[in-house]
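Numbering (the working numbering), first residue to last: 286 to 661.
Glycine included, every Cβ here is placed at the ideal spot set by N, Cα and C.
Reviewing the structure listed below.
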């Protein structure tokens, strides 16, 4: 196909076959662009030199497609814009009035402002990467409207697609890249937007991933102390994982989280450390070594808040451990007592004896204290 070749276009229903599109692609010529012109009252598609301005070039420029390939321009044209009545009206107005470039720009801005989000959502749902890739090069003002509402509040688009996407999804990666293009204040607003469960995009990614990605860790830098609707912080969520998360725990600890934070049931760091299985000794050692570096008052508060805490059944961690006959938790508690030289008991002998007698769990008591009850 050469410059000046024209094809009739039905703006209401674009039905180019893949064969015809492939023909256009095969005959691509460097420096050419697909533009819309009007001849005798009919719209036509025409290949023109890139230097020739047209309303279609303007539209593409505002969508970030100015440097797009011929294939992506054709695909964008055939799949999206030509079937859209607002674009049809704009093109007809331009052709009829011979509007200046500035006037066309104003019209384009107005139309795209209203429809950019719906076009983006449709492209996202259809996994049309050629259209979505164009947003990587769009002005940040255009990207902004996807994530920032007119009242300057953050939209839910990042949360929605984070929930719907798989961790390895290239579309999710693209979405996070687009958010990164926003100014810092608006980017932070989008990142801190939470769903009804109090989860930000970073928290959702953390719970979905088997291991933290560099992108998720970067998001967590400003959210390392955030809490969901249960009061769970990123660190507590990692300690609750059913798999060993030593590397991820290390990475989150490097972000300097507040170790004194608790969930909304009053359970804190050591409660979740004691939920680790026997095969996760490295994770337990890491937490213990980290706490040892805390100031003395913070260290004592962590230990006291743990050993003195009473759950919904009125049981301390020790009594609950005896009640559950949990030898792994008993060993971790004994290790905490030993590592931090903690000798204070918060339970009376009568309560402990009653729990041991009721559950026949004297061995749990022995493990927890590292000695038998009757020893000196």
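query: Start-to-end residues for the alpha helix (DSSP H) that takes in residue 601; result: No alpha helix (DSSP H) contains residue 601, which DSSP labels as neither H nor E.
query: Where residue 519 falls: helix, strand or coil (DSSP); result: helix
query: Run of the alpha helix (DSSP H) containing residue 471, from where it starts to where it stops; result: 469–477
query: Backbone secondary structure at residue 439 - three-state DSSP; result: strand
query: Candidates 469, 550, 468, 446: closest to residue 458 by CA position; result: 446
query: Residue 488, DSSP secondary structure in three states; result: helix
query: When 487, 514, 513 are compared against residue 506, the one with the closest alpha-carbon; result: 487
query: Cβ neighbour criterion (16 or more within 10 Å) applied to residue 542; result: buried
query: Buried or exposed by the 16-neighbour rule on C-beta atoms within 10 Å, applied to residue 570; result: exposed
query: Residue 528 (DSSP reduced to helix, strand or coil); result: coil
query: Cβ distance (whole Å) where residue 555 is taken to contact residue 591 below 8 Å; result: 4 Å
query: Residues near residue 577 in its chain [Cβ-Cβ closer than 6 Å; skip 5 each side]; result: none
query: Buried or exposed by the 16-neighbour rule on C-beta atoms within 10 Å, applied to residue 545; result: exposed
query: Beta-carbon proximity of residue 599 to residue 548, cut-off 7 Å; result: no
query: DSSP beta-bridge partners of residue 433; result: 439
query: Cβ shell of residue 481 (< 8 Å), same chain only, five flanking positions each side left out; result: 514
query: Between the CA atoms of residue 471 and residue 477 - distance to the nearest angstrom; result: 10 Å
query: Under 7 Å between C-beta atoms of residue 504 and residue 533; result: no
query: Cβ-based burial, residue 623 [other Cβ within 10 Å; buried from 16]; result: exposed
query: Cβ-based neighbour list, residue 479, same chain, cut-off 7 Å, excluding 5 preceding and 5 following; result: 485
query: C-alpha distance - residue 520 paired with residue 559, whole-angstrom precision; result: 14 Å
query: Proximity winner among 455, 448, 483, 439, relative to residue 474 (alpha-carbon distances); result: 439
query: Cutoff 6 Å; reference residue 346; Cβ partners in own chain excluding five residues on either side; result: At residue 346, the pLDDT of 42 sits below 50, so the modelled position is not reliable; the number obtained from the coordinates is stated separately. None.
query: Three-state secondary structure assigned by DSSP to residue 558; result: helix
query: Inter-residue spacing [alpha-carbon to alpha-carbon] between residue 585 and residue 629; result: 11 Å
query: Coil, strand or helix - residue 503 by DSSP; result: helix
query: Terminal residues of the alpha helix (DSSP H) in which residue 575 lies; result: 566–577
query: Whole-Å CB distance - residue 511 paired with residue 518, under 8 Å assumed; result: 7 Å
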